[in-house]
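Below is one structure, written out as structure tokens; the observations come after it.
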Amino acid sequence: MFPEISKVAKFRIQINQDLFLRQCASGQNLFHLPSSYRYPTGNISGYITRLNWNEEFIILEKELKESFEYFIVDRSVESVTGPFTEDSFKMELSACGIADMPLIELSEMDWIINF
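Structure (structure tokens):
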């Protein structure tokens, strides 16, 4: 692969038209959100390790130093809650009625290359 191309290559998991997880050349994952979603940067940046979604919610785990942070995106009201600890995340999943939705390792998902 040519160096010029590798700098612009993006790996993406498309969730819908506006939401996707992208891995940039630095290896950092960026979870992009529409500007209407109530999260200050418009994305959740960092090293996202696990993810899952359905029509109502998106859940994700982000690596933070030697621990993890968890987020829940409520797609119906376009809001992001978190970061949660693992215990509070499990309680929030139960409260949302999605306690049985597992987080999936990114390595097990299909990545799409976009030039």
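Residue 115 is where the sequence shown ends in the UniProt record's numbering, and the numbering goes up by one at each step. Every residue, glycine too, gets a C-beta built ideally from N, C-alpha and C. Quick caveat: nothing in here was measured; it's all calculated off a predicted structure.
**Request:** Taking all protein chains shown into account, decide if LYS90 is buried (16 or more other Cβ within 10 angstroms of its Cβ) or exposed.
**Result:** Mapped onto the sequence shown, residue 90 falls at position 90. LYS90 comes out exposed.
**Item:** Beta-carbon spacing of ILE58, LEU19 below 9 Å
**Value:** Indexing the sequence shown from 1 puts residue 58 at position 58. Indexing the sequence shown from 1 puts residue 19 at position 19. Against a cut-off of 9 Å, the Cβ pair of LEU19 and ILE58 comes out as a contact.
**Message:** Using DSSP's beta-bridge definition, name the partner residues of SER67.
**Reply:** Translated into positions along the sequence shown, residue 67 becomes position 67. Per DSSP, LEU64.
**Message:** At the level of alpha carbons, what is the spacing between SER87 and CYS24?
**Reply:** Here residue 87 refers to the residue found at position 87 of the sequence shown. Here residue 24 refers to the residue found at position 24 of the sequence shown. Reading the sequence as shown, one finds Asp at residue 87 and not Ser. Rounded to the nearest angstrom, the two C-alpha atoms are 30 Å apart.
**Message:** Quick check on the DSSP output: the alpha helix (DSSP H) that includes LEU93 runs from which residue to which?
**Reply:** Along the sequence shown, one-based indexing puts residue 93 at 93. 86 to 96 is the span of the alpha helix (DSSP H), which, as asked, contains LEU93.
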